[in-house]
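Residue numbers (our numbering): 411 to 833. Even glycine gets a Cβ: it sits at the ideal position worked out from N, Cα and C.
Take a look at the structure:
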């Protein structure tokens with residue numbers, strides 16, 4: 411590939427070409443920002459909600475206000491928002507273990523779920539600790555051509571014995587399409603037509619505030635996600651949320667704490683102000699990340715790499731996939747992104763084993779909060795087709811700067827071989 415003499419001009423010209431696309435997402439940002447603001451006003455959030463209590467966390471008015479705020483924002487009957495959730499996977503697991511019982515049937519409607527969910531379900535790992543170990547029946551509906559939801563198979567597989575469907579909004583470490591709200595709406599309509607009592611559970615990670623509607627607004631019964639992704643606005647230090655039908659949220663809450671405690675206990679450990687400020691910042695931070703992903707899609711596609719979604723496709727999450735076809739450019743991409751990070755830019759990412767994943771991963775992203783994927787980061791498993799999953803960006807400007815340096819590393823500097831990197 412021929413070297414690029416003026417990367418600055420290339421990026422500026424590409425940005426100008428995308429002006430109309432950016433305007434679309436600015437409107438979504440403004441809509442969601444007003445929705446969040448109105449929820450703050452309705453719940454009369456004040457400085458008193460920043461304080462916290464210790465020990466059991468009894469009578470914590472900040473915690474109660476945060477739960478009510480999230481419920482209003484996501485159009486839910488109830489919500490539980492806690493720093494006690496270790497990750498998005500933990501929040502999802504609380505929903506699954508809280509609601510499902512032996513001999514219940516769980517169906518993943520969009521192929522295999524995200525890698526970390528495989529051990530929760532029992533596809534691998536400690537079977538005794540998994541849903542399968544508790545006697546929950548599980549099956550997956552394969553995708554059409556590994557890309558799209560198979561609606562025909564979905565209709566055939568939902569029955570009166572189906573207790574819950576798992577709808578993963580984002581693609582995870584796969585090449586399938588992320589599920590936009592319109593597609594989620596279609597899935598739920600089919601499920602409810604076949605079994606009105608079937609619980610529709612949406613893994614909402616990476617998707618919050620990318621569209622104007624959220625899954626509960628198109629009939630989902632319960633959703634869950636991480637606070638170090640979109641709704642934390644890049645400043646929340648840890649945690650997750652669950653929102654939806656009040657009875658289902660309560661069952662999930664008892665899995666996080668204990669029966670009899672549910673959502674009524676747990677000290678917030680001085681995180682309430684950060685959670686409130688984070689959710690207020692989130693619509694703006696999320697759309698900056700989306701615009702950065704669109705810029706990456708256009709730049710890298712024009713340079714000959716396969717990018718999904720492309721720059722002009724409708725977005726429903728903050729993830730941008732770049733397919734490299736071999737390990738060397740994937741590793742070079744992550745190294746360059748790490749070098750353009752505000753934190754630990756001096757470190758060199760190398761492929762390694764990570765708990766919850768079957769393949770070695772290469773991960774980049776010097777973030778202020780460890781593992782925060784609303785901050786600019788990228789990772790990918792060392793397996794074919796060698797895809798980098800880029801996500802996040804506290805602000806668009808940083809993503810733009812980082813992309814200039816990534817392009818320079820990929821095009822103007824020959825990436826080292828996999829063997830050279832490991833040595």
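Alpha-carbon to alpha-carbon, residue j and residue i
| i | j | result |
| --- | --- | --- |
| residue 832 | residue 759 | Residue placement at residue 832 is flagged as unreliable, the pLDDT there being 46, under the threshold of 50; the coordinate-derived value follows with that caveat. Roughly 10 angstroms separates the two Cα atoms. |
| residue 788 | residue 731 | 9 angstroms |
| residue 560 | residue 672 | 37 angstroms |
| residue 828 | residue 557 | Only weak support is given to the placement of residue 828: the predicted model assigns it a pLDDT of 42, under 50, and the value that follows is read from those uncertain coordinates. Distance between the alpha carbons of residue 828 and residue 557 is about 29 angstroms. |
| residue 583 | residue 614 | 15 angstroms |
| residue 817 | residue 726 | 25 angstroms |
| residue 641 | residue 780 | 16 angstroms |
| residue 631 | residue 419 | 48 angstroms |
| residue 466 | residue 426 | 54 angstroms |
| residue 547 | residue 658 | 19 angstroms |
| residue 767 | residue 785 | 21 angstroms |
| residue 452 | residue 666 | 28 angstroms |
| residue 838 | residue 448 | Shown here, the chain extends from 411 to 833; a query on residue 838 therefore has no answer. |
| residue 619 | residue 594 | 15 angstroms |
| residue 807 | residue 734 | 25 angstroms |
| residue 525 | residue 508 | 21 angstroms |
| residue 473 | residue 676 | 9 angstroms |
| residue 774 | residue 549 | 33 angstroms |
Within 8 angstroms, strictly: CB atoms of residue i and residue j
| i | j | result |
| --- | --- | --- |
| residue 691 | residue 645 | yes |
| residue 776 | residue 753 | yes |
| residue 662 | residue 480 | no |
| residue 599 | residue 553 | no |
| residue 743 | residue 798 | yes |
| residue 682 | residue 476 | yes |
| residue 736 | residue 651 | no |
| residue 689 | residue 643 | yes |
| residue 545 | residue 512 | yes |
| residue 446 | residue 765 | no |
| residue 685 | residue 491 | yes |
| residue 414 | residue 822 | yes |
| residue 746 | residue 755 | no |
| residue 568 | residue 604 | yes |
Of the listed residues the options, nearest to residue i (C-alpha basis)
| i | options | result |
| --- | --- | --- |
| residue 720 | 702, 448, 736 | 702 |
| residue 516 | 531, 745, 723 | 531 |
| residue 803 | 471, 465, 728, 432 | 728 |
| residue 761 | 749, 792, 440 | 792 |
| residue 563 | 712, 551, 666 | 551 |
| residue 834 | 591, 629, 595 | The first residue shown for the chain is 411 and the last is 833, placing residue 834 beyond what the model contains. |
| residue 577 | 748, 604, 520 | 520 |
| residue 504 | 668, 755, 821, 768 | 668 |
| residue 417 | 814, 450, 698 | 814 |
| residue 478 | 454, 501, 464, 772 | 454 |
| residue 722 | 432, 452, 421, 800 | 432 |
| residue 579 | 666, 500, 633 | 633 |
| residue 751 | 809, 716, 459, 697 | 809 |
| residue 674 | 514, 444, 463 | 463 |
| residue 697 | 422, 434, 423, 412 | 434 |
| residue 680 | 647, 711, 699, 543 | 647 |
| residue 429 | 499, 601, 704 | 704 |
Three-state class that DSSP yields for residue i in the structure shown
| i | result |
| --- | --- |
| residue 492 | strand |
| residue 550 | strand |
| residue 833 | The predicted position of residue 833 is uncertain, since its pLDDT is 44 and thus under 50; a value taken from the coordinates is nonetheless stated next. If DSSP states are grouped into helix, strand and coil, residue 833 belongs with coil. |
| residue 681 | coil |
| residue 664 | helix |
| residue 420 | helix |
| residue 723 | coil |
| residue 466 | coil |
| residue 827 | Because residue 827 carries a pLDDT of 42, less than 50, the predicted location of this residue cannot be relied on, and no value is offered for it. |
| residue 715 | coil |
| residue 758 | coil |
| residue 516 | strand |
| residue 636 | strand |
| residue 619 | coil |
| residue 357 | Nothing in the structure corresponds to residue 357, since the chain is present only between 411 and 833. |
| residue 532 | coil |
| residue 650 | strand |
| residue 461 | coil |
| residue 787 | strand |
Do the region 600-619 and the region 554-573 meet, that is, are 3 or more Cβ pairs less than 8 angstroms apart? Judged by Cβ distances under 8 angstroms, the region 600-619 makes contact with the region 554-573, as three or more pairs qualify.
Quick one: any contact between the region 621-633 and the region 473-489, if contact means 3 or more CB pairs under 8 angstroms? The region 621-633 vs the region 473-489: in contact.
Is it the case that the region 634-641 contacts the region 493-511, given that we only count it when at least three CB pairs across the two stretches are under 8 angstroms? Taking 8 angstroms as the limit for Cβ pairs, the verdict is that the region 634-641 does touch the region 493-511.
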